[in-house]
Every structure is written in C-alpha cells, then in structure tokens.
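For reference, the structure is listed below as structure tokens.
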Amino acid sequence: MALPAVLIAAGAFLNAAATYTGNKSQAEAELQNADFYDKQAIFARQAMSREAMLSRKKFAGAIGAQKGAFAKSGVSITEGSSVGVIANTMAEQMMELDAIIQKGELDFKLASGRAKQARDKSELLKSPEYNIMTAGGSLLTAFGAAKSGS
Numbered sequence: 052m053a054l055p056a057v058l059i060a061a062g063a064f065l066n067a068a069a070t071y072t073g074n075k076s077q078a079e080a081e082l083q084n085a086d087f088y089d090k091q092a093i094f095a096r097q098a099m100s101r102e103a104m105l106s107r108k109k110f111a112g113a114i115g116a117q118k119g120a121f122a123k124s125g126v127s128i129t130e131g132s133s134v135g136v137i138a139n140t141m142a143e144q145m146m147e148l149d150a151i152i153q154k155g156e157l158d159f160k161l162a163s164g165r166a167k168q169a170r171d172k173s174e175l176l177k178s179p180e181y182n183i184m185t186a187g188g189s190l191l192t193a194f195g196a197a198k199s200g201s
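For the sequence shown, my numbering begins at 52 and goes up steadily by one.
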C-alpha cells in the first residue's frame with residue numbers, strides 16, 4: 052500500500068511543478084503581449100497624427116481652391132454666399148478632425164488597456180499565491196487519494 056501512495060504523491064508533485072512551469076511560461080507570453088499592445092498604442096497615436104495632418108492638408112487645399120475660384124470670378128470672399136461656402140468647408144474639416152482624434156484616442160486607450168491587462172495577468176501568473184492555489188488542488192487530491200488508499 053505504501054508504493055501507490057508514494058506514486059500518487061510523486062505524480063501530484065510533478066503536476067504541481069508542471070503547473071508552475073506552465074504559469075511561468077504563460078506569464079512571459081503575457082509580457083510579450085503587453086509589449087505588443089504598447090507598440091499598438093504608440094502606432095495608434097502616430098496614425099492619428101498622420102491622418103489629422105493629411106486631413107488638414109486636404110482641407111487647406113480645398114479652401115484655397117475655393118478662395119481662388121471666387122477671386123478669379125471676381126466674387127468677394129469677405130461677404131455673402133462665398134463666406135458660407137468656405138465656412139461650411141471649414142466646419143466639415145473640424146468634424147473630420149474630431150472623428151480622427153476620437154478614433155485615434157479610442158484605439159490608443161484600447162491598446163493601452165490590453166497592455167495593462169496582460170501585465171496584470173503576468174503578475175498574477177508569477178505570484179506565489181496563485182501558484183500555491185493552482186498546485187495546491189493537485190497536492191490535496193493526491194493526499195486524499197493516498198489517505199483513502201491506506
């Protein structure tokens with residue numbers, strides 16, 4: 052009867068060691084995920100800035116073309132419907148820039164949040180408490196099996 056108990060205990064300790072090793076590997080993978088999400092967050096901000104710059108250039112060109120067309124036609128750009136046309140174009144620009152910034156900030160927050168979650172999970176997986184709890188179940192099961200077998 053002693054040999055089965057020893058085998059059960061050895062199996063439990065091997066299972067606990069495998070759990071710990073698996074948790075440690077998963078913790079490292081979570082840190083790599085966090086690094087990736089950090090890069091995504093930086094990219095989101097850079098992409099937002101680039102899109103905003105392109106939008107500003109596009110609208111500057113459109114407004115310049117409108118002013119040029121009005122001037123060429125002899126229409127004053129300081130009063131009347133020409134002011135309304137230019138004002139509408141400027142309003143479109145503001146709405147587009149606002150959408151670009153909102154999307155960029157949302158993408159940044161999402162990636163930053165994922166990075167934080169990955170770091171938190173890594174810390175949990177590396178913690179002695181978590182590893183004791185996950186391995187403890189195997190050890191208690193083995194202890195119970197050994198006791199019932201004796």
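Yeah, the Cβ is synthetic: ideal placement off N, Cα and C, and Gly gets one too.
query                                                                                          : result
Coarse secondary structure for Val-57, derived from DSSP in three states                       : helix
Beta-carbon spacing of Phe-121, Met-141 below 9 Å                                              : no
Collapsed DSSP secondary structure at Thr-129 in the structure displayed                       : coil
Beta-carbon separation (whole angstroms), Ser-173 vs Ala-78, contact threshold 8 Å             : 4 Å
Assigned exposure category for Met-99 - 16 Cβ within 10 Å defines buried                       : buried
Cutoff 7 Å; reference Val-136; Cβ partners in own chain excluding five residues on either side : Gln-117
Beta-carbon proximity check, Ala-67 vs Asp-158, cutoff 9 Å                                     : no
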